[in-house]
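Q: Count along the sequence shown from 1, add 1298, and you get the number used in the numbering used here. Glycine included, every Cβ here is placed at the ideal spot set by N, Cα and C.
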Amino acid sequence: MTPRLRLQPEAIGIGMTSQRVRDRLVERLREAGIRDESVLNAVRTVPRHLFIDEALASRAYEDTALPIGHGQTISQPWVVARMTETVLEAAPKKVLEVGTGSGYQAAILAALGLEVHTVERIGDLLRQARKRFRQLGMNVRSKHDDGRIGWPEHGPFDAIVVTAAAPALVDALVEQLAPGGCLVAPVGGPSAQSLIRLRRAADGQIEQDVLAPVTFVPLLSGMLD
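What follows is the structure in structure tokens.
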């Protein structure tokens, strides 16, 4: 059962954040190949304008990445939808997100009724994201830590979503993927990155494939307050 969001008037939106504008974004995503109606409905429902600076609210429902401070971005809606659609293939219940950022990707996953654990290395971003989760009545478990470590105490996870690019898949994260699970992550350097899907079969065998070219901020180690 998909949870109901607690939407205050500012979350419902008017003008450039109205339902009509959100519907147009959903149609663009559908035209761009997103097929899962539950994902499209989550994009339609979750108020992306609450996850960015108010000065950028008029651009919230453009299909583009936007800055959120600290050199980070809120991902392009198509990328969020594609990553979400990909991990849903594994019929997950418990999901790990590496790189909370604004909290938007975690909110999309939570809106789908998944148990979401998210890790963020920048304390200020995590505090803002937690405030948004509370505002929307979302039960998202979050942790201020080095995302490259993951959250092994709560693993294994049915799905793992990595929202920053490393030169290669991080072994510590792959190890936290349950049999039958799916991990999706951008891999590469500043000039060329690919969205990679890794699946662990029930017998533990791993296979991976390339989904699309993408551009993400780098996956960094350590923590900042």
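(1) Straight-line CA distance for G1461 to V1512?
(2) Return the first residue and the last residue of the beta strand (DSSP E) that A1457 is part of.
(3) Report buried or exposed for L1522, applying the criterion of at least 16 other Cβ atoms within 10 angstroms of its Cβ.
(4) Return the chain-ordered ranges of every alpha helix (DSSP H) run that is complete within the segment 1386-1449 and spans a minimum of 4 residues.
(5) If contact is defined by three or more beta carbon pairs under 8 angstroms, each pair taking one atom from either stretch, is the segment 1431-1443 in contact with the segment 1402-1422?
(6) Span of the alpha helix (DSSP H) holding V1341?
(7) Taking the continuous beta strand (DSSP E) assigned at A1510, which residues delimit it?
(8) Taking the C-alpha atoms as reference points, what is the distance between S1373 and T1343?
(9) Under three-state DSSP, which class holds A1353?
(10) Give me the residue from G1399, V1468, A1408, I1420 with the minimum Cα distance to L1481.
(11) On the DSSP bridge assignment, give the partners of I1372 in chain order.
A: This is what the structure gives:
(1) Taking the sequence shown and counting its residues from 1, the one referred to as residue 1461 is at position 163. Taking the sequence shown and counting its residues from 1, the one referred to as residue 1512 is at position 214. For the sequence presented, residue 1461 should be read as Thr rather than Gly. C-alpha separation (whole angstroms): 11 angstroms.
(2) As a first step, residue 1457 is located in the sequence shown; it is residue number 159 there, counting from the start. Its beta strand (DSSP E) spans residues 1455-1460.
(3) As a first step, residue 1522 is located in the sequence shown; it is residue number 224 there, counting from the start. So L1522 counts as exposed.
(4) 1402-1409, 1421-1433
(5) yes
(6) Within the sequence shown, numbered from 1, the residue matching residue 1341 stands at position 43. Here the alpha helix (DSSP H) through V1341 covers 1335-1343.
(7) Against the sequence shown, residue 1510 aligns to sequence position 212. Here the beta strand (DSSP E) through A1510 covers 1504-1512.
(8) Counted from its first residue, the sequence shown places residue 1373 at position 75. Counted from its first residue, the sequence shown places residue 1343 at position 45. C-alpha separation (whole angstroms): 17 angstroms.
(9) One-based indexing of the sequence shown puts residue 1353 at position 55. Three-state result, A1353: helix.
(10) By one-based count along the sequence shown, residue 1481 stands at place 183. Considering only alpha carbons, the answer is V1468.
(11) Within the sequence shown, numbered from 1, the residue matching residue 1372 stands at position 74. L1364, per the DSSP bridge assignment.
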